[in-house]
Every structure is written in C-alpha cells, then in structure tokens.
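Each protein sequence line maps, in turn, to chains F and C. Quick note, my numbering runs 470 ahead of the 1-based positions in the first sequence. Quick note, my numbering runs 470 ahead of the 1-based positions in the second sequence. Accompanying notes for the structure given below.
Number of protein chains: 2
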Amino acid sequence: MARPREFDADAALERAVAVFAEHGFEGSSAQMLVDGMEIGRQSLYAAYGDKWQLYLAALKRYGEAEGRAHLDALRSGARGMDGIRAMLERVVQTAKRPCLGTNAVCEFGAAHPDIAKLRAPLAKRLRGAVAARIADAQKEGDAAAGLDPQAAADYLIATIAGLRIGGRGGADRAQLTGIAQLALRALR
Amino acid sequence: MARPREFDADAALERAVAVFAEHGFEGSSAQMLVDGMEIGRQSLYAAYGDKWQLYLAALKRYGEAEGRAHLDALRSGARGMDGIRAMLERVVQTAKRPCLGTNAVCEFGAAHPDIAKLRAPLAKRLRGAVAARIADAQKEGDAAAGLDPQAAADYLIATIAGLRIGGRGGADRAQLTGIAQLALRALR
DNA sequence: CCGATTATGGAACGATCATTCAAAAAAAGG
DNA sequence: CCTTTTTTTGAATGATCGTTCCATAATCGG
C-alpha cells in the first residue's frame, strides 16, 4: 500500500445505500453516486469496480445490517411475541427511509442471479429466526398452537414488505402502527 | 383526421404497462418500449407525448383496471368476508405478473406529484370499498366487531402489497396462499 | 530522501439515452 | 384527381450514460 485512501470506504458505501434506496439502480447515475457518496469518480471505480458491483456491495451491506437489526429486535423481548412485536415496531419506526431490499426485489424481481444469491441466505436466516420466535410464542401461549411457524414467518415477512411499501407510499406512522397491530392479531 | 393510425392505441398502452411493470420507468428505454409496444418510435411520441406521459398513461390505465378488478372481486361473494377472500385470492393468482402500481410506489415513493395525483382517488375508492365490505362482515358476524373498518382496510391493502412483493421475489403459490389465509385470521 | 506504488482529479471515450427532423405514404374532403 | 392532413419510417439530434485515460499528488518501504 502506497497512498492511503482519503475516504472511509464503509461510510461511502452507506451513502451509496441511501442513493440506491431512494432512486433504484437504474435511477442512480454515476454522477449522483459521486455526489451522494462524496468521493471522486475514479475513486468509486477503483474501489468498487463498476456500478453493478457497487450496487451489489451496497445491497449486501444493507441486507446484513438490516437482518441483524431484525434479529436483535426479535431477541429483545423475553417472550416470543414481544420480540415479534418489537421487530414490527422497528419497521414502523424506520419506514420513512426507503428499503433497498424491497426496492431491489421490485426493480429486478427474482430473475437476477446475483441478487438472488445475495438474498437467499439472508432470507433463510430471517425466516428461521422468526419461525423460532413464533414457536416460542406458541409454547408461551401467545400464539395459536395450530399455526405452522414457517408459514407464519412468511406471513410476517410479507407484512414487513407491506409496511414498507405503505411507508414509501406516504402512509403516516399511525396508519403503519395500526397495520402492524392488526397483523399480530393473525397469530392469536 | 386524414390518415388513420395503423395500431390499436389501447392495446399498445397495455403492452407498455407490461414493459414498465417489468423494468420500471428508468429501466425501460424508448427502444424497449418501441419493441414491446410494437409501434414505431415516432408513433409513440405522436400518440403519447414523451416517455413520462406514456408512463403516467400506462399507470392510469393499469390502476383503473386493477382497481375495477379489486372491486369486482370484493362484490363477488354474498358475504363481506367472501368478497375480501376473493380479492386476496385473485391477488395470489395474479402475483406472478409484476404490479405497475407497487413498482411505481417503490421507484418514486410519495414524492412525485404526478403519480400522487393519479393514485389518490384510486386508493381512496379501494380503501372505502374494502372498509365497507369489512363493515358488512362485521354485521354478518365474520369479522370482529371492535375493528375499525378503515384501519382494517389499510391492513388488507398492505397485505396485498406484501403478497405482490413476495410474488415478485419468487414465492410460490402455496406460500402466497398461506400468507393470504393468515392475513384473514387477523379480522376474526 | 528516493523510487515504487497507489489514490486522486479532470478531461475524455464510445455508447446509448430521449427526442425530433424530414421525407414518403396513406387516407379524407372537395 | 388533387390538395390537405395525419401517420409512418429512418436517420439524425444533442445530452447524458457508464467507464477509462492520463497526469498529478500523496504516502509507503528502503
């Protein structure tokens, strides 16, 4: 290593997440990324390759951080249902910021292999963790015993997506809170 | 009128819906639209103005048709809950095709006034119709009397968005069916 | 302090972008 | 049949796209 980089690569990537989440991949030009990330164009290409690789790196970073936040919220309560409620509550509170994961699915669907490969392990882990917490809630008498935990996890994850689309579409916090509360009724 | 157009403007617009729904606004080039709509480039610009106006026309057309389909499904059952179930079931069955409405919200959020103006009346009408059907279900003893019909409508509409993101992300029909079934549990 | 190595900044690249010009073609009205 | 009006076709527009070249600047190991 000769000359060290002048910018914080991780902070720049975080800013790239914001740009991509707000405008999508196709809607984000190299110039917008340069401005948003506050680094030079050449630095961008030297550090991340090209726009697609930068997008994948941003998506990976976002997905891992977001997955961690989901898991933390899930574990935050003593009872399974408390964790589930905390997870949804956190989504409601952060629903103002656009979600890069949701937007990537919207923009590219299931077709793109690079994205599918990124998403698969994260989705699997989240689904498993949610299902486990639902099983806890069942043992604790907070969730109906007849429910399939995996199916209920799919349902809650779909609810999260619904909350995010709602927030992106302009729903206020009261509406989103109401949606989250109703969603929890399905488990009882 | 001198020379009549050689293409069916409405059919071409329907094909534009498909292109935009699959690739988004920014992801759809004029060339892709010309190919997908099967009309000449100049015909496109003469008939619709520019790409943004074409997008708005496509979104309007899609939103109205989709709204009508939702309302038809809602009215299809004798009891309120039958209509609600039919609406969700139709969404599950059509979840393989991307939804231009969801994608527009994802791509542009609530910020863009042209889109907001298009969406507002459609969203209001759908919300009202769903809420009315929930009120029916309450009278018929199929939905909990304590629910606020408007809040429950918001919840169901969020569920629809969740189903669509799920379908776009590759969930199979069994998963989506399970999600829709669980969603209905929240109303009881 | 010196050569090697890497990062930076600015200008440039061809390609593609959305859009339009210009000419030919086709129908309508007289 | 001829003029007018509109659609179509194909080529061209300037702008912006993602990406790279090149020269300069900065820091490393020695």
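Note that beta-carbon positions come from the ideal geometry of N, C-alpha and C, so glycine has one too. These numbers come from a predicted model, not from an experiment.
Sequence-distant partners of residue 484/C (beyond 5 residues in either direction) whose C-beta falls short of 6 Å from its own C-beta are missing from its chain. Not one beta carbon of chain C lies nearer than 7 Å to the beta carbon of residue 562/F. Scanning the stretch 601-640 of chain F from its first residue to its last, the whole alpha helix (DSSP H) runs of 4-plus residues come out as 619-638. Within the stretch 613-626 of chain F, 621, 622, 624, 625 place their CB atoms closer than 7 Å to a CB of chain C, listed in sequence order. With a threshold of 7 Å between beta carbons, residue 486/C makes no contact with chain F.
Between the stretch 609-624 of chain C and the stretch 567-574 of chain C there are fewer than three inter-stretch CB-CB distances shorter than 8 Å, so the stretches are not counted as touching. Contact between residue 577/F and residue 494/F holds: their C-beta atoms lie close to 5 Å from each other, under 8 Å. By the Cβ rule, the stretch 610-617 of chain C does not count as touching the stretch 581-589 of chain F, because fewer than three pairs are nearer than 8 Å. Closer than 7 Å at the C-beta level to chain C, one finds these residues of the stretch 486-507 of chain F: 494, 496, 497.
With respect to chain F, the C-beta atom of residue 575/C has a partner C-beta closer than 7 Å.
Neighbours of residue 568/F across chain C, judged by C-beta separation under 9 Å: 576, 579. Ranking 599/C, 476/C, 647/C by CA distance to the CA of residue 546/C puts 599/C first.
By the criterion of a C-beta distance shorter than 6 Å, residue 601/F is surrounded in its chain by 619, 620, 623, once the five residues flanking it on both sides are discounted. The continuous alpha helix (DSSP H) containing residue 572/C extends over residues 570-578.
Taking the beta carbon of residue 510/F as reference, no residue of chain C falls within 7 Å; the closest one sits roughly 24 Å away. Here residue 654/C has 551, 554, 555, 558 as same chain residues with Cβ atoms under 8 Å from its own Cβ, once five neighbours each way along the sequence are excluded.
Here DSSP, grouped into helix, strand and coil, assigns residue 584/F to helix. Put simply, the CB of residue 652/C is near chain F, with a gap under 7 Å to one of its CB atoms. Counting along the chain, residue 490/C sits inside the alpha helix (DSSP H) bounded by residues 479-493.
Excluding five sequence positions before and after residue 534/F, the CB atoms of its chain that fall closer than 8 Å to its own CB belong to 592, given in chain order. Apart from sequence neighbours up to five positions away, the residues of its chain that approach residue 537/C with a beta-carbon distance below 8 Å are 592, 595, 596, ordered along the chain.
With a beta-carbon spacing of about 10 Å, residue 503/C and residue 488/C fall beyond the 8 Å limit used to define contacts.
A check of alpha carbon separations from residue 497/F across 548/F, 574/F, 632/F identifies 574/F as the nearest.
DSSP places residue 509/F outside both helix and strand once states are collapsed to three, so it counts as coil. The three-state secondary structure of residue 591/F, taken from DSSP, is helix. Closer than 7 Å to the CB of residue 608/F there is not a single CB belonging to chain C. Buried is the label assigned to residue 528/F, since at least 16 other Cβ atoms lie within 10 Å of its Cβ. DSSP places residue 527/C within a helical segment (H, G or I) once states are collapsed to three.
Looking only at 583/C, 633/C, 544/C, 630/C, the smallest Cα-Cα distance to residue 607/C is reached by 544/C. Within chain C, the residues placing a beta-carbon under 7 Å from that of residue 633/F are 628, ordered along the chain.
Nearest CB-CB separation between residue 554/F and chain C: not below the 7 Å threshold. Selection 492/F, 482/F, 472/F evaluated against residue 639/F yields 492/F as nearest (Cα-Cα).
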